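Asker: One structure coming up, written as structure tokens, with questions to follow.
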Amino acid sequence: MKAAVSRRYGKPAVVQIEEIATPSPGPGQLLVRVRASTLNRTDCGYRSGKPFLIRFFGGLRRPKALVWGTEFAGDVVALGDGATRFAIGDRVCGYCEGTFGAHAEYLVVAENRLIVPIPAGRSYAEAAPSVEGSHYALGMLRKSGIGPGKDVLVYGATGAIGSAAVQIAKDLGARVTAVGPTAHLDMVKGLGPDRVVDYQTEDFTRDQQRYDLVLDAVGKSSFWRTRRLLKKKGIYTATDHKWAHLPFLGIPVILGWIVMALLFKLSPGRKMIFVVPHKDPEGVRYLKEFITSGRFRPVLDRTYPLDQIIAAYRFVETGQKVGNVVIAVG
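Heads up: the sequence shown begins at -11 in my numbering, then just goes up one per residue.
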């Protein structure tokens, strides 16, 4: 099968298109003929091995996965022993961070991963970006206690996670303010927020409204800059933190994270939280229903064929993508 292979960490050029053996499904696994995948900041981090902390998950000296890629849409073509949740021929989309492999023509994935049927009428390119962004967004919203009547501000509403956060927060019954750039305000409005703020013409941190949650989906703001937006017990959370690669009072980064999390946890007022998404059963049930019902519409920026994946990496690393970049596999 054709695959985008990385045998070392580095710049986009370390990725090569090669012919490798097609995997076979083991017990409880599916073999999926991948039709579309995505390429996002997660893939860029794993490919580059930066920040170094990511190598504890992807391999210290060299990548432990030959093929990256965390999202997929395609057809089930074979079942391993005991795999019963899906049938051969089913159109599915899913998320496979940790095992990876979606940047290839075939993917083996455990059937108990976050995999859902593709909604009727949805193309593979539209389905591939359905799971990762929504998974991260839901984790942040649930950890922050967002539900009916809550007020949420999403900074970076044009990205994969931000656009998902706007849609999910509305679906959960929250009042949502979405922040985006002038050029993409119409797209942001199409996500269904209650208010839209153009950060290029007004300083969103001076907004007079107060929020239960400020969700920074691009990691370009901070708790200290946005804390005046928070209600008395409001929460700030982000997908990335500008200080994450620096020592904290001489303590390694990971210990700095732990210390900061504990300090804010003990605070009775406004706080910053760090969210590590996990596959909790209630969240999985919600996401499956949210996606398969067709209520969630991922935002698509552009599509690259698998043969042009290096160009896709370079584009994503410019930080200019709006929504999701899709890789057309076959």
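Heads up, the beta-carbon is just placed ideally off N, CA and C, and yes, glycines get one too. Since we're looking at a predicted model, the values are computed, not measured.
Roughly how many whole angstroms lie between the Cα atoms of residue 212 and residue 24?
Answerer: Numbered from its first residue, the sequence shown carries residue 212 at position 224. Numbered from its first residue, the sequence shown carries residue 24 at position 36. Cα to Cα, residue 212 sits roughly 40 Å from residue 24.
Asker: Kindly give me the distance between the Cβ atoms of residue 223 and residue 259, rounded to whole angstroms, as I take these residues to be in contact under 8 Å.
Answerer: Residue numbering aside, residue 223 sits at position 235 when the sequence shown is read from its first letter. Residue numbering aside, residue 259 sits at position 271 when the sequence shown is read from its first letter. About 6 Å; that satisfies the 8 Å criterion.
Asker: On the DSSP bridge assignment, give the partners of residue 185 in chain order.
Answerer: Residue numbering aside, residue 185 sits at position 197 when the sequence shown is read from its first letter. Paired residues: 167.
Asker: Closest to residue 27 by CA distance: which of 89, -4, 155 and 8 is it?
Answerer: Numbered from its first residue, the sequence shown carries residue 27 at position 39. Nearest of 89, -4, 155 and 8 to residue 27, Cα basis: 89.
Asker: Along the alpha helix (DSSP H) that carries residue 275, what are the first and last residues, could you check?
Answerer: On the sequence shown, residue 275 is found 287 positions in, with the first residue counted as 1. Segment 269 to 280, the alpha helix (DSSP H) holding residue 275.
Asker: Once DSSP output is grouped into helix, strand and coil, what is the label at residue 119?
Answerer: Stepping through the sequence shown from its first residue, residue 119 is reached at position 131. It is coil, neither helix nor strand.
Asker: Run through DSSP, which three-state label would residue 238 get?
Answerer: Position 250 of the sequence shown holds residue 238. Because residue 238 carries a pLDDT of 36, less than 50, the predicted location of this residue cannot be relied on, and the following value inherits that uncertainty. Residue 238 falls in the coil class under three-state DSSP.
Asker: What is the residue span of the alpha helix (DSSP H) that residue 173 lies within?
Answerer: Against the sequence shown, residue 173 aligns to sequence position 185. Run containing residue 173: 173 to 177, per the alpha helix (DSSP H) assignment.
Asker: Using only the alpha-carbon positions, how far apart do residue 282 and residue 37 sit?
Answerer: Within the sequence shown, residue 282 is the residue found at index 294, counting from 1. Within the sequence shown, residue 37 is the residue found at index 49, counting from 1. Near 35 Å, if we compare the C-alpha coordinates of residue 37 and residue 282.
Asker: Using the beta-carbon count (16 or more within 10 Å), is residue 190 buried or exposed?
Answerer: Numbered from its first residue, the sequence shown carries residue 190 at position 202. With fewer than 16 other Cβ atoms within 10 Å, it is exposed.
Asker: How many whole angstroms separate the CB atoms of residue 156 and residue 129, which I take to be in contact at a CB cut-off of 8 Å?
Answerer: The residue given as residue 156 occupies position 168 in the sequence shown. The residue given as residue 129 occupies position 141 in the sequence shown. Yes, they are in contact, since the Cβ atoms of residue 156 and residue 129 sit about 6 Å apart, within 8 Å.
Asker: Name the residue from 17, -5, 265 and 270 whose alpha carbon lies nearest to the alpha carbon of residue 94.
Answerer: In the sequence shown, residue 94 corresponds to position 106, counting from 1. If we check each option's Cα against that of residue 94, 17 comes out closest.
Asker: Among 62, 31 and 185, which one has its Cα closest to the Cα of residue 56?
Answerer: Your numbering for residue 56 matches position 68 in the sequence shown. Looking at the Cα atoms, 31 is the closest of the given residues.
Asker: Does residue 60 pass the burial test, meaning 16 or more other C-beta atoms within 10 Å, or should it be called exposed?
Answerer: For this step, residue 60 is matched to residue 72 along the sequence shown. It counts as buried.
Asker: Considering only the beta carbon of each residue, do residue 185 and residue 195 sit closer than 8 Å?
Answerer: The count along the sequence shown starts at 1 and reaches residue 185 at position 197. The count along the sequence shown starts at 1 and reaches residue 195 at position 207. The answer is yes: Cβ separation under 8 Å.
Asker: Mind reading off the beta-carbon distance from residue 220 to residue 257? Whole number of angstroms is fine, and I expect it under 8 Å.
Answerer: Along the sequence shown, one-based indexing puts residue 220 at 232. Along the sequence shown, one-based indexing puts residue 257 at 269. Contact flag correct, Cβ pair sits at about 6 Å.
Asker: Out of 143, 87 and 103, state which residue places its alpha-carbon closest to the alpha-carbon of residue 78.
Answerer: By one-based count along the sequence shown, residue 78 stands at place 90. Out of 143, 87 and 103, 103 has the C-alpha closest to the C-alpha of residue 78.
Asker: Looking at the secondary structure, which residues open and close the alpha helix (DSSP H) in which residue 69 lies?
Answerer: Position 81 of the sequence shown, counted from the first residue, corresponds to residue 69. Counting along the chain, residue 69 falls outside any alpha helix (DSSP H), and DSSP gives it neither H nor E.
Asker: Using a Cβ-Cβ cutoff of less than 6 Å, which residues in the same chain neighbour residue 293 once the five nearest sequence positions on both sides are dropped?
Answerer: Here residue 293 corresponds to residue number 305 of the sequence shown, with the count starting at 1. Correct list, in chain order: 316.
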